[in-house]
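This report concerns only the one structure given below.
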Amino acid sequence: MSKKIVINPFTRISGMLEISVETDGERVCSAYSSGLMFRGFELMLKGRNPLDVNYFTERICGICSTAHSMASAIALEDSLGIEISEGAKLLRNIIHGCEFLQNHIRHFYLYSTPDYVKGPDLNPIKPIKDCEYKLPEGENSRIAENYFKAIEFSRMAHEMLAIFGGKAPHNHGIVAGGVSVEVTSDKIIKFKSILQEVKYFVDNSMVPDVYSIAQYYYDCFNTGKGPGNFLSYGVFDNGEDPDS
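According to our numbering, the stretch in the sequence shown is residues 45 to 288, in order.
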């Protein structure tokens, strides 16, 4: 018997998404995701100074704002024929890398673990009713505790971003032509100190937690598996020609 399941709003990503799935018994026949909110960024940018573009596009999201400033800056540089320095490329990579750290920590702990880890009886991580949690009590408690630690370490990743990006989220350090924030020895020392703490958390807490969930939910690796064809245009500029 066919059945249609609709989840709207999809609250873990601020409620702007609808997921619609049609099933026939235990088989998924079709699945659709729909963005339901009109943002209008194209209209906001119309008629404005092109150099203001990155400040607007970053407001698309507070989690991945740096990706939008990077895309805007690169688009302007391509259209104007601007080649930025190697130092600027490296600094952009560092700024964007900080956001990747923040993204991965938040995505794993705040957005994903509530589906696999039984947390305390409070929102937004209240245990899912009738959910078959599989982790042993000790490992479950460890990951649940790291959930709260992850909030602080994702904040620290944003703090690193702000050192060279000026602020976070919505940095003002990435601009067409390079970067706008001066690099000093004090900033480098502070950055390395925070990075050491974040790296320790990732190596000694996050990575083991990922492996624990994968071990006890191994059957999920084959659930809803697609063809495995993904688009990738690269992110971090290493100075090599991507077309070569």
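We put the CB at the ideal spot given by N, CA and C, even for glycine.
Residue range of the alpha helix (DSSP H) that includes V254: Where V254 is concerned, the enclosing alpha helix (DSSP H) stretches over 251-260.
Local conformation of T228 per DSSP, three classes: In this structure, T228 counts as coil in the three-state DSSP scheme.
Between the CA atoms of T101 and L61 - distance to the nearest angstrom: Going by C-alpha positions, L61 is about 19 angstroms away from T101.
Contacting residues, own chain, Cβ-Cβ under 6 angstroms from T67 (five flanking each side not counted): A distance below 6 angstroms between beta-carbons, with the five flanking residues on each side excluded, links T67 to the following residues of its chain, in chain order: K47.
C-beta contact flag for A194 and I126 at 7 angstroms: Contact: no.
Cβ-Cβ separation, D281 to K133 (assumed contact under 8 angstroms), whole Å: Right, the Cβ-Cβ distance comes to about 5 angstroms (below 8 angstroms), so this counts as a contact.
Span of the alpha helix (DSSP H) around L205: Taken as a continuous stretch (DSSP letters only), the alpha helix (DSSP H) holding L205 covers 181-209.
Limits of the unbroken alpha helix (DSSP H) element including E176: Segment: none, E176 is in no alpha helix (DSSP H) and carries neither H nor E.
Segment limits, beta strand (DSSP E) that includes S64: Where S64 is concerned, the enclosing beta strand (DSSP E) stretches over 61-68.
Rounded Cβ spacing between L135 and V227 (contact assumed at less than 8 angstroms): Between V227 and L135 the Cβ distance is about 7 angstroms, and since that is below 8 angstroms, they are a contact.
Separation of E196 from I139, as counted between CA atoms: One C-alpha to the other measures close to 19 angstroms.
Three or more C-beta pairs below 8 angstroms linking the region 174-191 and the region 245-262: Pairwise C-beta distances place the region 174-191 in contact with the region 245-262, as three or more of them are shorter than 8 angstroms.
C-beta atoms of D253 and N190 nearer than 7 angstroms: Their beta carbons are under 7 angstroms apart, which means D253 touches N190 by this criterion.
Between the CA atoms of E130 and P297 - distance to the nearest angstrom: The requested residue 297 does not occur in the structure, where the chain is confined to residues 45 to 288.
Distance between beta carbons of N215 and T110, contact taken as under 8 angstroms: In this structure T110 touches N215 by the C-beta definition: roughly 6 angstroms separates them, less than 8 angstroms.
DSSP three-state assignment for A132, whether helix, strand or coil: Looking at A132 - three-state DSSP - the assignment turns out to be helix.
Which residues DSSP lists as bridging Y76, in chain order: DSSP lists S64 as partners of Y76.
Local conformation of I51 per DSSP, three classes: In the three-state reduction of the DSSP assignment, I51 falls in the strand class, which pools E and B.
Closest by C-alpha distance to E203, when choosing among S276, F144, F192, S74: Taking the Cα of E203 as reference, the smallest distance to any Cα among S276, F144, F192, S74 is reached at F144.
Cut-off 6 angstroms between Cβ atoms - residues of its own chain near C175, not counting five sequence neighbours on either side: There are no such residues.
Pairwise C-alpha distance: A119 and G221: Going from the Cα of G221 to the Cα of A119 covers about 11 angstroms.
Contact under 7 angstroms by Cβ, A117 with N98: N98 is positioned such that its CB atom lies closer than 7 angstroms to that of A117.
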